[in-house]
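Participant:
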Amino acid sequence: MILRLVFLLAGLLLISFSIAGLVPLPFAIPGSGLALFMLWSLIGQIRQTNEALARFLESVRHADFTQGFTMPEKGAGFAELGAAMTALIRHFKSSRAVQEQDIRTLRAIIDHVPAPLLKLRPDGSLVLLNHAARRLFAPQSPVKLSDLAHFGPDLPGIFTDIAPGENRLLSVRLSDGTVRLGLSAAEIISGQARQRIYALQNLSGALEATEIEAWQQLVQVLTHEIMNSLTPVASLSKTASDLLARAETDPEAVLDAREAVETVARRAGTLMQFVGSYRSLTRLAKPKLESIALLDFLDHLERLVAAELEQQQIHLRCSVSPPTLSLLADRAQLEQMLINLLRNAMEALSVTKAPTIHITARIGVRGRVLITVRDNGPGIGDEISDRIFVPFFTTKRGGSGIGLALARQIMAGHKGSIALEQTTNGGAAFTLRF
1 MILRLVFLLA GLLLISFSIA GLVPLPFAIP GSGLALFMLW SLIGQIRQTN
51 EALARFLESV RHADFTQGFT MPEKGAGFAE LGAAMTALIR HFKSSRAVQE
101 QDIRTLRAII DHVPAPLLKL RPDGSLVLLN HAARRLFAPQ SPVKLSDLAH
151 FGPDLPGIFT DIAPGENRLL SVRLSDGTVR LGLSAAEIIS GQARQRIYAL
201 QNLSGALEAT EIEAWQQLVQ VLTHEIMNSL TPVASLSKTA SDLLARAETD
251 PEAVLDAREA VETVARRAGT LMQFVGSYRS LTRLAKPKLE SIALLDFLDH
301 LERLVAAELE QQQIHLRCSV SPPTLSLLAD RAQLEQMLIN LLRNAMEALS
351 VTKAPTIHIT ARIGVRGRVL ITVRDNGPGI GDEISDRIFV PFFTTKRGGS
401 GIGLALARQI MAGHKGSIAL EQTTNGGAAF TLRF
């Protein structure tokens, strides 16, 4: 290439000198021919280079990595260019093989995941992504979102309405019966299109075991409370009956019978109050959602309990991050729930020095609003921590045992949860996840 350029430049100089009269014409003619030959040769090399580059780019565009670009016969420059192109093609081929292997591995993992996975495309078509999904819906195979109505009339709407990161509980009619499934959703962007990925989890066995255990605990508590009221009622009723039988011969028996009947009435009233508490759990209203500015809301809450806090000399701290944080919730239910948690904390702090309650509201790592009520009291023992949300379970004298159970009901109505958190410095901490 360099030699051709030298000869081309020499030929052009001879032509220039001939035109200027510095070189006789007979000497300039061979130089002109040499210049034209070198120009034609240079154009040919440029054309061959362009063809090689075009062939290389086409190979990359069509992922055709079988092409070779070694051109030693065309000179050192072409040999280096061809070697570089060949090395790049081999690199692309190796990277493509690694990507294909990764895709095959990912597909194998997805296909063997025990949770059924589905994908909703922008055009509304539904793809069963793995073996678990195909087995779940067999022998039918839904190909669009509306086909899910075959397994439950509400399913298309639920799949449409569920937000990314949200969890729902479904009842799905399958060929061998109805099962309860947990549904979660995620959203991915593929190119310019958004696609939904759904994951299902069979919860029937776990829910049934949990429900049976919860019913057993509830029946134990109900039996205990009812028997505590009915045993003295039965005994005192028998006593009153015996006393009234002696009323004609023993005037004092009437007074004793009246006292026994009054005691029966008090125990019956206690039992009615207990039944009323149970009714409040089963008749919880559907939440009326509104946007609540949490900083103002917690200021209002602090004023509501200020007198009780001052009486017990308890320091209450409230912090909201960011200060503009708001929450979509039922204001009355949220207020009732937090007041119950605050009063539980106050009772736990009755023997604590420098008692403190700290309410924090923040955004969790998954974008959910978290409200935590934390105290520095004696805490809740491990032996009862798994029973504190059971209705009517209480360790307090005269306690109803419905506060935490009601809180769980309220949070369920808000599609959230309440949990007792582990603390390293003692005390108890309850976190509401919205």
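For the sequence shown, full-length UniProt numbering begins at 1 and goes up steadily by one.
Note that the Cβ used here is the ideal one computed from N, Cα and C, for glycine as well.
(1) Roughly how many angstroms separate the alpha carbons of Gly165 and Arg368, rounded to a whole number?
(2) Contact between the stretch 318–325 and the stretch 337–353: three or more CB pairs below 8 Å?
(3) Who pairs with Ile189 in a beta bridge, going by DSSP?
(4) What is the residue span of the alpha helix (DSSP H) that Arg168 lies within?
(5) When every heavy atom of the ligand MG is checked, does at least one fall within less than 7 Å of the C-beta of Ser350?
(6) DSSP beta-bridge partners for Thr356?
(7) The beta strand (DSSP E) spanning Ser326 covers which residue range?
(8) Take Arg134 and list the residues in its own chain whose beta-carbon comes closer than 6 Å to its own, dropping the five residues that flank it on each side.
(9) Just how far apart, CA to CA, sit Asp111 and Asn376?
(10) When you compare the stretch 177–186 with the stretch 156–165, are there three or more beta-carbon pairs, one atom per stretch, that lie closer than 8 Å?
(11) So Ile388 and Leu284 are supposed to be a Cβ contact under 8 Å. How far apart are they, rounded?
(12) Can you confirm whether the stretch 327–340 touches the stretch 306–315 when touching is taken to mean that 3 or more C-beta pairs between the two stretches lie within less than 8 Å?
(13) With 16 as the cutoff for other CB atoms within 10 Å, does Gly403 come out buried or exposed?
(14) Thinking C-alpha only, which one of His414, Lys286, Gln195 is nearest Ala370?
(15) In the DSSP assignment, what are the bridge partners of Ile418?
(16) Taking DSSP as the reference, what is the three-state secondary structure of Arg55?
(17) Go through its chain and collect everything with a Cβ distance to Leu289's Cβ below 7 Å, but skip five positions before and after it.
(18) Mind reading off the beta-carbon distance from Leu148 to Pro156? Whole number of angstroms is fine, and I expect it under 8 Å.
(19) Are the beta-carbon atoms of Gly124 and Lys93 separated by less than 8 Å?
(20) Can you tell me whether DSSP reads Gly182 as helix, strand or coil?
(21) Identify the continuous alpha helix (DSSP H) that holds Asp299 and give its terminal residues.
(22) Pick out whichever of Glu100, Arg180, Ala361 has its Cα sitting closest to the Cα of Asn202.
(23) Can you tell me where the beta strand (DSSP E) holding Ile371 begins and where it ends?
(24) Using the Cβ count rule (16 or more neighbours within 10 Å means buried), how would you classify Ser59?
(25) Which residue spans inside the stretch 75–145 form an unbroken alpha helix (DSSP H) run of at least 4?
(26) Assign Ile363 to buried or exposed, taking buried as 16 or more other Cβ atoms, counted over all protein chains shown, within 10 Å of its Cβ.
(27) For Pro142, collect the residues of the same chain with a Cβ closer than 6 Å to its Cβ; drop the 5 residues on either side in sequence, then sort them by chain order.
(28) I need the boundaries of the alpha helix (DSSP H) containing Arg408, first residue and last residue.
(29) Tell me which residues share the same chain as Gln101 and place their Cβ nearer than 8 Å to its Cβ, disregarding the 5 neighbours each side in the sequence.
(30) In whole angstroms, what separates the C-alpha of Thr423 from that of Ala429?
(31) Return the bridge partner residues of Ser291 from the DSSP annotation.
(32) Starting from Ile363, follow its DSSP beta bridges and name the residues at the other end.
(33) Name, in chain order, the residues that DSSP records as bridge partners for Gln201.
Facilitator: According to the structure data:
(1) 9 Å
(2) Too few Cβ pairs lie closer than 8 Å, so no.
(3) Arg194
(4) Element bounds for Arg168: not the alpha helix (DSSP H) but the beta strand (DSSP E), 167–174.
(5) This structure lacks the ligand MG; in fact it carries no ligand of any kind.
(6) DSSP output for Thr356 lists His315 as bridge partner(s).
(7) 326–329 is the span of the beta strand (DSSP E), which, as asked, contains Ser326.
(8) Leu128
(9) 49 Å
(10) yes
(11) Ile388 to Leu284, Cβ: 19 Å. No contact.
(12) In short, these stretches do not touch, since the Cβ pair count stays below three.
(13) buried
(14) Residue 370 is actually Leu in this sequence, not Ala. It is His414.
(15) Leu432
(16) helix
(17) Leu328, Ala329, Asp330
(18) 5 Å
(19) no
(20) Correct three-state label for Gly182: strand.
(21) 294–304
(22) Arg180
(23) 369–375
(24) With 16 or more other Cβ atoms from the protein chains shown falling within 10 Å of its own Cβ, Ser59 counts as buried.
(25) 76–112, 131–137
(26) exposed
(27) Result list for Pro142: Leu126, Leu148, in chain order.
(28) 403–413
(29) none
(30) It is roughly 7 Å from the alpha-carbon of Thr423 to the alpha-carbon of Ala429.
(31) Per DSSP, the beta bridge partners of Ser291 are Leu328.
(32) Val369
(33) Gly182
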